[in-house]
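Here is the structure we will look at, set down as structure tokens.
In our numbering, the protein residues as written are 1 to 329.
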């Protein structure tokens with residue numbers, strides 16, 4: 001699969017392009033940026049062409065797919081242009097800024113018969129399958145609640161995630177990870193029972209928040225996210241017999257062996273799992289879908305697209321109902 005990159009973003013430099021370079025099924029053909037200096041820096045490292053501007057990259061005939069790591073507010077516009085140009089699309093999370101925009105992208109991809117993926121790399125780590133297996137086996141009993149958190153320390157003042165016009169804010173950056181965790185184990189039938197957002201007084205940008213969800217099954221989920229905390233990336237499933245917890249749940253290094261902690265009344269068991277490269281698995285899975293005839297119309301793609309839309313439907317509801325607490329920021 002020949003891929004072009006729209007934007008010289010940090011996540012592309014640190015995580016995604018190294019994974020693509022390591023994948024034998026992917027050829028990184030070009031990186032586009034508004035700043036040619038940044039484009040050349042990427043091109044020199046990854047052995048590809050540097051392109052000035054995003055539209056010229058979409059017009060290249062030697063590209064089958066594009067990866068879009070632009071700021072969140074630009075995801076919808078450039079993913080849509082890529083789909084209209086006949087390119088398969090891997091777009092950074094969230095797919096768009098709202099559920100309406102995500103539905104528009106899904107419609108475009110469906111009509112064109114193209115693969116449209118949201119780059120949630122953590123979902124490709126096998127640790128979550130191991131958690132699911134323990135849940136189904138009854139080790140924790142009947143599931144009663146889910147807790148998930150992704151919180152990071154304050155960012156540099158110039159970080160784009162502090163710019164409202166670029167789709168900044170904690171909910172669409174960190175908050176979507178706990179949301180997708182809840183969907184992974186509780187399904188799409190989630191209702192927003194309550195939410196709070198700590199917002200910057202100057203412009204209303206959300207810096208952190210908490211959300212309470214209720215699943216159709218009766219299981220409750222409490223989520224926390226933000227740019228104001230000591231680092232934490234964890235989730236826990238609490239059942240009638242035991243509590244299952246995993247740390248560093250969303251962006252482990254490829255050589256890091258994850259662990260599950262199973263706390264029962266009679267003691268605690270640590271379950272060590274093999275290391276896995278979720279970044280390589282994610283991009284390889286995208287390449288496989290692009291190469292597989294008819295994959296864009298299959299049930300797997302339909303499920304992934306529905307998940308992307310549901311994530312943003314939940315985010316839209318959270319923004320609509322949240323109690324806002326203004327802080328200096």
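C-beta: ideal position from N, C-alpha, C; glycine also.
Shortest Cα-Cα distance from residue 4 to any of 11, 13, 49, 23 involves 49. Proximity to residue 148 across 274, 177, 120 peaks at 177, based on C-alpha coordinates. Bounds of the beta strand (DSSP E) holding residue 118 are 116-119.
The continuous stretches of beta strand (DSSP E) do not include residue 265, and DSSP gives it neither H nor E. By the Cβ test, the stretch 104-117 is in contact with the stretch 66-83, since at least three Cβ pairs between them sit closer than 8 Å. Taking the Cα positions, residue 90 is about 19 Å away from residue 250. A residue is called buried once 16 or more other Cβ atoms fall within 10 Å of its Cβ, and residue 303, having fewer, is exposed. Sequence-distant partners of residue 193 (beyond 5 residues in either direction) whose C-beta falls short of 6 Å from its own C-beta, in its chain, are 212, 214. Around the beta carbon of residue 199, 16 or more other beta carbons lie within 10 angstroms, which makes this residue buried.
Apart from the 5 residues on each side of it in sequence, residue 316 sits with its Cβ closer than 7 Å to the Cβ of 98, 99 in its chain, given in chain order. Annotation: the continuous beta strand (DSSP E) that includes residue 199 extends over 190-200.
In this structure residue 281 touches residue 124 by the C-beta definition: roughly 4 Å separates them, less than 8 Å. As the crow flies, the alpha-carbon of residue 305 is around 42 Å from that of residue 266.
Exposed is the label assigned to residue 56, since fewer than 16 other Cβ atoms lie within 10 Å of its Cβ. Excluding five sequence positions before and after residue 101, the CB atoms of its chain that fall closer than 6 Å to its own CB belong to 76, given in chain order.
Exclusion of the five residues before and after residue 328 leaves 201 as the residues of its chain whose Cβ lies within less than 7 Å of its Cβ. Under the three-state reduction of DSSP, residue 175 is assigned to helix.
Where residue 88 is concerned, the enclosing beta strand (DSSP E) starts and stops at 88-92. Proximity of the stretch 238-245 to the stretch 133-143 meets the contact definition, three or more beta-carbon pairs being nearer than 8 Å. Residue 243 is bridged by DSSP to 238, 263. Look at residue 296 here: in three-state DSSP terms it is helix.
The stretch 157-172 makes no contact with the stretch 257-264, as fewer than three CB pairs between them are under 8 Å.
According to DSSP, residue pairing for residue 49 in a beta bridge involves 30.
Looking at 307, 28, 255, the one whose alpha-carbon comes closest to that of residue 179 is 307. Cβ-Cβ separation between residue 20 and residue 28: approximately 5 Å, consistent with a contact (criterion under 8 Å).
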